[in-house]
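Working notes, beginning with the structure itself.
Protein chains: 2
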Amino acid sequence: MTSSTPLPPRRKPRQSRAQATCDAIITATAQILVRDGYDAASTNHVARVAGVSVGSVYQYFSSKEALVMAVMDRYRAEGLTDLEEGFARVSGATLREALQLLIRQLLATKAANPRLHQVLAEQLPRMRQLQQVDPYAVRMLRMVRTFLEPHARTLRPRSLDMAAFIIFNTVESLTHAALADRPEYLAREDFADELCALVIGYLQPEREEVKRGGRPPVRAPRPAPVAARKARSSRKR
Amino acid sequence: MTSSTPLPPRRKPRQSRAQATCDAIITATAQILVRDGYDAASTNHVARVAGVSVGSVYQYFSSKEALVMAVMDRYRAEGLTDLEEGFARVSGATLREALQLLIRQLLATKAANPRLHQVLAEQLPRMRQLQQVDPYAVRMLRMVRTFLEPHARTLRPRSLDMAAFIIFNTVESLTHAALADRPEYLAREDFADELCALVIGYLQPEREEVKRGGRPPVRAPRPAPVAARKARSSRKR
DNA sequence: TGAGAACGTGAGTTCGCGCTCACATTCTCT
DNA sequence: AGAGAATGTGAGCGCGAACTCACGTTCTCA
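Chains A and B are the protein sequences, given in the same order. Number 13 in this note's numbering belongs to position 13 of the first sequence; there are no gaps in the numbering. One gets this note's numbering by counting positions in the second sequence from 1 and adding 1000 to each.
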């Protein structure tokens, strides 16, 4: 009874040789995705680049989608552990400091391999059709929520779940938008600063209206130690 | 010289019959996209649903991508004029009021035809490859920037271009994220409120730290270029 | 050492896609 | 009316994709 299983499940590598084949296939897929995009990643092409035969590809991956999914899993697993470490590293810091570090880390991760993250982000919806619930997203959201929890009393949002959803997707989406439209933003410090401001401003409790045309009412117990912005009479265009 | 042009350009409908055919094709494409997704929208299928022959499709659209692009153009043109009206309607309001209205309007638009907006958003990157610069995005960004301009003096962000980019993509992306992962959010008032809080919090000038405990001085990784010492009398500007 | 499991092969099958073209029909305009 | 432009038709071509299968090779382990 060595007949192949109906459809999705495939043989798992048991020998190290097989594991190597598997890795080579995933690596080749990633390479092609980066260099030539999704449409160029045909199974035959992947096999050729990986130095194996098509048959071998289908030993371990039930379809082309499974192939791309494997690439996603590999790199998202990295991102996940990185971020976990990041959370651990900032456990004692203030919210602001923590966010500054974490956001910068996330930006750096994507900037390190922009094309890959771009292609994967674009293919995410396609993957969602095959995988009803995305465990990666679930874990990410849970991490953010756990991070917010101790500060809950001092934060404005009442639903931490929604807050986690909003924060996570804001940072992730803006990174991808920059990746696609404004690649130069990724390396700019001020972009990271803006992301921080966005998240922090969201988390802070409400305050009075900003009056139109009036001076900004700084109503704080203590003047901000933040370096005052250089006053400019003319805004940049 | 009535020979067909090499590739991209196609005949434009001159008679009303042709215009009707064209409309039917676009409508059919949209229908299929909504019902069955991008992969099911083959040219033959589109033709069948539209009640015309494949040849007719290729009279007016040079490729399958052009077909999808036409669908995007149709619905984005609607969204654009809607938003333009929205901006006009809130010209006298405060920033907060204006944002509340505009964000709610945008959410309502997407909620009215969620599947379509979802599919189109997913195909946007593919379209970008064919259309170097997206005039829709450009106009949207310009509208947001123009909207921000009169308030510039009271806003925190120094670069209005970056601010427009961030605000537009934040709202757009979060809407799509909700569309895909939390469809129930789209109709919830509190979600719209959170989006408003996000944008307003971002635009407002900075203030004191949220944290009350031992607060280390906020050191932006990149200190202000000119400030030699902490200016205590920073009433700014 | 050898039997059977795991692994690897790649020519070949199937399929449906995007797209064309030679031709038919309908409209416009004098 | 009728010439010519505009519009519409759909069988079919070429192609390359995803995927299979009958068979060879290598490993494992009693």
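All C-beta atoms in this analysis are idealised placements derived from N, C-alpha and C, irrespective of residue type, glycine included. In this text the structure is predicted, and so the values were computed from the model without any measurement.
Using a 10 Å radius around the Cβ and a threshold of 16 neighbouring Cβ atoms, would you call residue i buried or exposed?
i: B/ARG1115; result: exposed
i: B/ARG1017; result: exposed
i: B/GLN1019; result: exposed
i: A/ARG14; result: exposed
i: B/ALA1040; result: exposed
i: B/VAL1138; result: exposed
i: B/ARG1089; result: exposed
i: B/GLN1110; result: The sequence given here places Lys at residue 1110 of chain B; Gln does not occur at that position. B/LYS1110 should be labelled buried.
i: B/THR1081; result: exposed
i: A/GLY86; result: buried
i: B/GLY1201; result: buried
i: A/ARG11; result: exposed
i: B/VAL1071; result: buried
i: A/ALA112; result: exposed
i: A/ALA187; result: exposed
i: A/ALA164; result: buried
i: A/ALA152; result: exposed
i: B/VAL1133; result: exposed
i: B/ARG1035; result: exposed
Contact criterion: CB-CB distance below 7 Å. Does residue i meet it with respect to chain B?
i: A/GLU149; result: no
i: A/PRO13; result: no
i: A/ILE103; result: no
i: A/TYR202; result: yes
i: A/GLU122; result: yes
i: A/ASN169; result: yes
i: A/LEU160; result: no
i: A/GLU65; result: no
i: A/MET140; result: no
i: A/LEU198; result: yes
i: A/ARG17; result: no
i: A/THR146; result: no
For residue i, collect the residues of the same chain with a Cβ closer than 8 Å to its Cβ; drop the 5 residues on either side in sequence, then sort them by chain order.
i: B/LEU1083; result: LEU1102, GLN1105, LEU1106, MET1140 and MET1143
i: A/MET69; result: MET127, LEU130 and GLN131
i: A/TYR38; result: VAL68, VAL119, GLU122 and GLN123
i: A/ALA24; result: ALA50, GLY51 and VAL52
i: A/CYS22; result: PRO13 and TYR60
i: A/ALA93; result: LEU101
Should residue i be flagged as near chain A, meaning a C-beta pair shorter than 7 Å?
i: B/PRO1183; result: no
i: B/SER1173; result: yes
i: B/ILE1166; result: yes
i: B/GLU1084; result: no
i: B/ALA1040; result: no
i: B/PRO1125; result: yes
i: B/GLU1189; result: no
i: B/LEU1106; result: no
i: B/ALA1098; result: no
i: B/ALA1177; result: yes
i: B/GLU1078; result: no
i: B/MET1069; result: no
i: B/ASP1193; result: no
Taking 6 Å as the limit between beta carbons, can you name the residues of its chain near residue i, skipping five residues before and five after?
i: B/GLU1065; result: LEU1130
i: B/ASN1044; result: VAL1054
i: B/PRO1125; result: none
i: B/LEU1145; result: Per the sequence presented here, residue 1145 of chain B reads as Arg, with Leu not at that position. If we look at B/ARG1145 and ignore the five residues flanking it on each side, its Cβ neighbours are LEU1160 and ALA1164.
i: A/ALA178; result: TYR185 and LEU186
Ignore the nearest five residues each way along the sequence and tell me which others in residue i's own chain have a CB closer than 7 Å to its CB.
i: A/ARG156; result: LEU203, GLN204, PRO205 and GLU206
i: B/ALA1098; result: VAL1090
i: A/VAL46; result: ILE25, ALA28, THR29, ILE32, VAL57 and LEU67
i: A/LEU174; result: LEU195
i: B/ARG1076; result: TYR1136
**OP:** Determine contact between the stretch 187-203 of chain A and the stretch 158-172 of chain A, defined as no fewer than three beta-carbon pairs at a distance below 8 Å.
**Re:** With the cut-off at 8 Å, the stretch 187-203 of chain A and the stretch 158-172 of chain A touch.
Original post:
Okay, do the stretch 109-127 of chain A and the stretch 155-163 of chain A touch, 3+ Cβ pairs below 8 Å being the bar?
Top reply: A contact between stretches requires three or more CB pairs, one per stretch, nearer than 8 Å, and the stretch 109-127 of chain A fails this requirement with the stretch 155-163 of chain A.
Subject >> the stretch 1046-1056 of chain B touching the stretch 1015-1031 of chain B, judged by at least three CB pairs closer than 8 Å >> reply: At 8 Å Cβ cutoff, the stretches touch.
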